[in-house]
């Protein structure tokens, strides 16, 4: 299927079918986008027990801003994708994304959300808004380490999700020239994940292979993902997590 036809199909078909069809047609799906860094033992044990609860934290891409319908956002598609790949496991993915958050705001509410959701695994999407707001890296990592203290005390597994890639031909001048900084913070997140033993999803690098998707998976505002982008991201996340947790 050509990319233009794929994009139209994604809007019309059901979410589970969207996930199944988007991946082989135009989205390069690989388990390699998630590096476990020796972690995920608790989540693996949860899978073995037959019940996995995932808490998804972060900003607008976790929330699902840009999807044409709520069920075509990242979290619903991830839940479906994990359920398909982990048969016999009751998978719940809780959406606690809030658009516009930096690492500071997410770190501020981690403890409350973990206490309420009691997850086995926390996905923390971070870095994009920190770069777009030109926050100093020192401040970003102070907030990250505050969040790390909460996560470690809660005894949960963690996947850090690094920033998205912005279109190289973005029409929004506010986003011009931001990809090098997004690449750098992605590199630093990977190093930090390895240092503390958190798994890392290399989303920025993966998105460089999304040229077959409509607008590279990013909507007309040059920032939020579109339906094909969410489907591709969810498929890659589900593939990587399922491989790590089996």
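Residue numbers (the working numbering): 1 to 246. C-beta atoms are modelled at their ideal positions from N, C-alpha and C, and glycine is treated no differently. The structure displayed is predicted, hence computed values, not measured ones.
The alpha helix (DSSP H) enclosing residue i, as first and last residue numbers
i, result
"residue 67", "Here residue 67 belongs to no alpha helix (DSSP H), and DSSP marks it neither H nor E."
"residue 193", "179-196"
"residue 56", "No alpha helix (DSSP H) contains residue 56, which is instead part of the beta strand (DSSP E) from 51-58."
"residue 158", "First-last for residue 158: 157-161, but that is the beta strand (DSSP E), not the alpha helix (DSSP H)."
"residue 133", "Per DSSP, residue 133 belongs to no alpha helix (DSSP H) and is neither H nor E."
"residue 29", "Element bounds for residue 29: n/a, residue is neither H nor E."
"residue 170", "From DSSP, residue 170 is part of no alpha helix (DSSP H); its letter is neither H nor E."
"residue 112", "103-117"
"residue 84", "74-85"
"residue 233", "227-245"
Run of the beta strand (DSSP E) containing residue i, from where it starts to where it stops
i, result
"residue 97", "90-97"
"residue 125", "121-125"
"residue 199", "199-201"
Residue i versus residue j - alpha carbon distance
i, j, result
"residue 204", "residue 232", "13 Å"
"residue 122", "residue 135", "24 Å"
"residue 156", "residue 211", "35 Å"
"residue 92", "residue 47", "11 Å"
"residue 97", "residue 63", "4 Å"
"residue 190", "residue 140", "14 Å"
"residue 22", "residue 225", "Here the model assigns residue 22 a pLDDT of 43, short of 50, so the residue's position is not dependable, and the following value carries that caveat. Answer to the nearest angstrom: the Cα atoms are 14 Å apart."
"residue 90", "residue 114", "19 Å"
"residue 70", "residue 83", "18 Å"
"residue 73", "residue 138", "32 Å"
"residue 201", "residue 173", "28 Å"
"residue 119", "residue 161", "17 Å"
"residue 78", "residue 33", "15 Å"
"residue 166", "residue 149", "31 Å"
"residue 229", "residue 213", "7 Å"
"residue 87", "residue 52", "12 Å"
"residue 216", "residue 207", "8 Å"
"residue 104", "residue 127", "10 Å"
"residue 209", "residue 164", "12 Å"
"residue 196", "residue 181", "23 Å"
"residue 240", "residue 35", "8 Å"
"residue 194", "residue 85", "26 Å"
"residue 102", "residue 125", "10 Å"
"residue 95", "residue 169", "31 Å"
"residue 24", "residue 54", "Low local confidence applies: a pLDDT of 36 at residue 24 is under 50, so the model's placement there is unreliable, and no value is given."
"residue 152", "residue 67", "33 Å"
Cβ-Cβ separation, residue j to residue i (assumed contact under 8 Å), whole Å
i, j, result
"residue 236", "residue 59", "Rounded, the Cβ-Cβ distance is 19 Å, inconsistent with contact."
"residue 146", "residue 199", "Incorrect: roughly 20 Å between the Cβ atoms, too far for contact."
"residue 251", "residue 244", "The question about residue 251 has no answer, for the chain in this structure spans 1 to 246."
"residue 222", "residue 171", "6 Å"
"residue 185", "residue 130", "7 Å"
"residue 110", "residue 57", "7 Å"
Check: residue i C-beta below 7 Å from any heavy atom of the ligand ZN
i, result
"residue 134", "As for the ligand ZN, it is missing from this structure, which has no ligand bound."
Any chain B beta carbon closer than 8 Å to residue i
i, result
"residue 27", "This model lacks chain B altogether; it includes just one protein chain."
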